[in-house]
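*Asks:* Okay, so the sequence shown: first residue is 4 according to my numbering, each after it adds one.
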Amino acid sequence: MSSQHITVSLKDHSYDIHVSDGLLDRAGVIISPLLNRPRTVIITDENVARHQLPRLEKSLQKANIAFDTIVLPAGEATKSFAQMEALLDQLLRLRLERRDKIIAFGGGVIGDLVGFCASIYQRGIGFIQIPTTLLSQVDSSVGGKTGINSPRGKNLIGSFHQPDLVLTDVSTLDSLPKRQLLSGYAEVVKYGLINDPEFFHWLEINGPEIIAGNHNVQTDAILSCCRAKAAVVAEDEKEHGARALLNLGHTFGHALEAEVGYSDHLFHGEAVAIGMVMAFDLSVKMGLCPAEDANQVRDHLEKISLPTRISRSDHPISQVDMTADRLLDHTRHDKKIADGRVTFVLASGLGRAFLSPDVDPEDVKHIFQLALD
């Protein structure tokens, strides 16, 4: 099956996103022309190594590309100073040269960490993204945001460092646990809610097929999301304006993730799902959005089986003791703070998101409390 590709057109560094079923088995042939010498390092995690690594290694061997493989622990805790330092030391011991490229083979955690290491190793080397989760395929692998977490907040240490290529093989989703697939689906929905209500309505019909593993529908969704993100990144690469809209639900979601200590009590996409509902509820409370639109968002996410509130009794997050005051305090470490005020992504309706720096903290606290009750 031939791959479809999208070009991310940037002033100083453009690159292609290839999307196809079975693309991993041809990765070596596609990657080879980009390498200055037939040598690379694969960096992945334990879960991806178990399910997908042999396919990539075989593909590189067929293309006569020499490689080393580094396998890191799975999970959000890997986006840490300790893992970053250890990974950089391993790359140095492997004598990786500045003209080489490394491969980030995994989900958002691996992509963010490896991309950040690539940006600072010998003042910057190239890297290739091969995302293996729905979340990374539709969002984190595209656009050059890289980084690690701090105990004070998510992604607070990082840089913009664009990949040289993104290879997305939808067949890697087949080995993904359903909870991880659902987590990625939240980021898919986000694109519809920001500025594409027709895509949101398409998801209301086709969303169950994405979760059921229909490769054709998954491919269509991934391409739609990547086109949308490529357009936004081309307009605002360093997030000085419109790109911040891609953070719909993330300010609330990051506060939840910080409160659970970036543990498996709450996956990133689950936090975004709850956060998007909160953003719409806040917009309703401020008189900016019809209540029926907020209800439509909540209903769709619940039908797909994503959490929409902190107090959901059948989800691990319900086991964590939280308060609205602590969650509100987490938002004060958000990257979008200007002059001491957090800029929230709000909505005037489905597909009509906008940025607002004028949000009363008491309203935000009320929304957290609403999700806790």
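Virtual Cβ for every residue (Gly too), placed ideally from N, Cα, C.
Distance check for H318 and P180, CA to CA, integer angstroms please.
*Replies:* Within the sequence shown, residue 180 is the residue found at index 177, counting from 1. Within the sequence shown, residue 318 is the residue found at index 315, counting from 1. The alpha-carbon atoms of P180 and H318 are separated by roughly 15 Å.
*Asks:* Take H271 as the anchor and find which of G78, H16 and Q221 has the nearest alpha-carbon.
*Replies:* Position 268 of the sequence shown, counting from 1, holds the residue named residue 271. When each option's Cα is compared against that of H271, the closest is G78.
*Asks:* Compute the Euclidean distance between the alpha carbons of I133 and Q125, then round it to the nearest angstrom.
*Replies:* If you number the sequence shown from 1, residue 133 lands on position 130. If you number the sequence shown from 1, residue 125 lands on position 122. Between I133 and Q125, the C-alpha separation is close to 22 Å.
*Asks:* Can you list, in chain order, the residues of its chain with a C-beta nearer than 7 Å to that of T149? Leave out the 5 residues immediately preceding and following it.
*Replies:* Position 146 of the sequence shown holds residue 149. Same-chain partners within the cutoff: D115, G118, F119, S122, G161, S162 and H164.
*Asks:* With DSSP collapsed to three states, give me the class of S308.
*Replies:* Counting from 1 along the sequence shown, the entry for residue 308 is found at position 305. Reduced to three states, the DSSP call for S308 is coil.
*Asks:* Out of curiosity, what's the CA-to-CA distance linking L63 and N39?
*Replies:* For this step, residue 63 is matched to residue 60 along the sequence shown. For this step, residue 39 is matched to residue 36 along the sequence shown. C-alpha separation (whole angstroms): 15 Å.
*Asks:* Around the C-beta of D363, are 16 or more other C-beta atoms found within 10 angstroms, so that it is buried, or is it exposed?
*Replies:* The sequence position of residue 363 within the sequence shown is 360, counting from 1. Exposed, by the Cβ-count rule.
*Asks:* Mark T47 as exposed unless 16 or more other C-beta atoms lie within 10 angstroms of its C-beta, in which case mark it buried.
*Replies:* Here residue 47 refers to the residue found at position 44 when the sequence shown is read from its first residue. Result: buried.
*Asks:* Find out if the Cβ-Cβ distance for the pair D328, K368 is shorter than 9 Å.
*Replies:* Indexing the sequence shown from 1 puts residue 328 at position 325. Indexing the sequence shown from 1 puts residue 368 at position 365. Yes.
*Asks:* Which one or two residues does DSSP pair with L349 in a beta bridge?
*Replies:* Within the sequence shown, numbered from 1, the residue matching residue 349 stands at position 346. In the DSSP output, where bridge partners are listed per residue, L349 has F357.
*Asks:* Measure the Cβ-Cβ separation of S359 and C292 and say whether it is below 9 Å.
*Replies:* One-based indexing of the sequence shown puts residue 359 at position 356. One-based indexing of the sequence shown puts residue 292 at position 289. Not in contact: S359 and C292 (Cβ atoms no closer than 9 Å).
*Asks:* Can you tell me whether DSSP reads L226 as helix, strand or coil?
*Replies:* The residue labelled residue 226 in the question sits at position 223 within the sequence shown. Helix.
*Asks:* Quick check on the DSSP output: the alpha helix (DSSP H) that includes P134 runs from which residue to which?
*Replies:* As a working note, residue 134 is residue 131 in the sequence shown. No alpha helix (DSSP H) contains P134, which is instead part of the beta strand (DSSP E) from G129 to P134.
*Asks:* Got a sec? Which residues, its chain only, sit under 8 Å from P3 by beta carbon, not counting five neighbours each side?
*Replies:* Nothing can be reported for residue 3, as the shown portion of the chain is limited to 4 through 376.
*Asks:* Taking contact to mean 3 or more Cβ pairs, one atom from each stretch, closer than 8 Å, check whether the segment 300 to 308 and the segment 244 to 258 are in contact.
*Replies:* No: fewer than three Cβ pairs fall under 8 Å.
*Asks:* Let me confirm a value: P310 is counted as buried when at least 16 other C-beta atoms fall within 10 Å, else exposed. Which label applies?
*Replies:* As a first step, residue 310 is located in the sequence shown; it is residue number 307 there, counting from the start. Buried is the call here.
*Asks:* Counting only C-beta atoms, is H271 closer than 9 Å to chain B at any point?
*Replies:* Absent from the structure: chain B. Only one protein chain is present.
*Asks:* Find the nearest neighbour of I213 within the set I307, L91 and V145, judged by alpha-carbon distance.
*Replies:* Reading the sequence shown from its first residue, position 210 is the one you call residue 213. Comparing Cα-Cα distances from I213 to each of I307, L91 and V145, the minimum goes to I307.
*Asks:* Would you mind reading off the limits of the beta strand (DSSP E) that contains K157?
*Replies:* To locate residue 157, count along the sequence shown from 1; it is residue 154. G156 to F163 is the span of the beta strand (DSSP E), which, as asked, contains K157.
*Asks:* Okay, do the segment 17 to 32 and the segment 172 to 188 touch, 3+ Cβ pairs below 8 Å being the bar?
*Replies:* Verdict: yes, contact present.
*Asks:* Taking the continuous alpha helix (DSSP H) assigned at R98, which residues delimit it?
*Replies:* The count along the sequence shown starts at 1 and reaches residue 98 at position 95. Here R98 belongs to no alpha helix (DSSP H), and DSSP marks it neither H nor E.
*Asks:* For D103, is the classification buried or exposed, using 16 other Cβ atoms within 10 angstroms of its Cβ as the cut-off for buried?
*Replies:* Within the sequence shown, the letter at position 100 stands for residue 103. Buried.
*Asks:* Give me the Cα-Cα distance between S321 and L375, rounded to the nearest whole angstrom.
*Replies:* Within the sequence shown, numbered from 1, the residue matching residue 321 stands at position 318. Within the sequence shown, numbered from 1, the residue matching residue 375 stands at position 372. Distance between the alpha carbons of S321 and L375: 9 Å.
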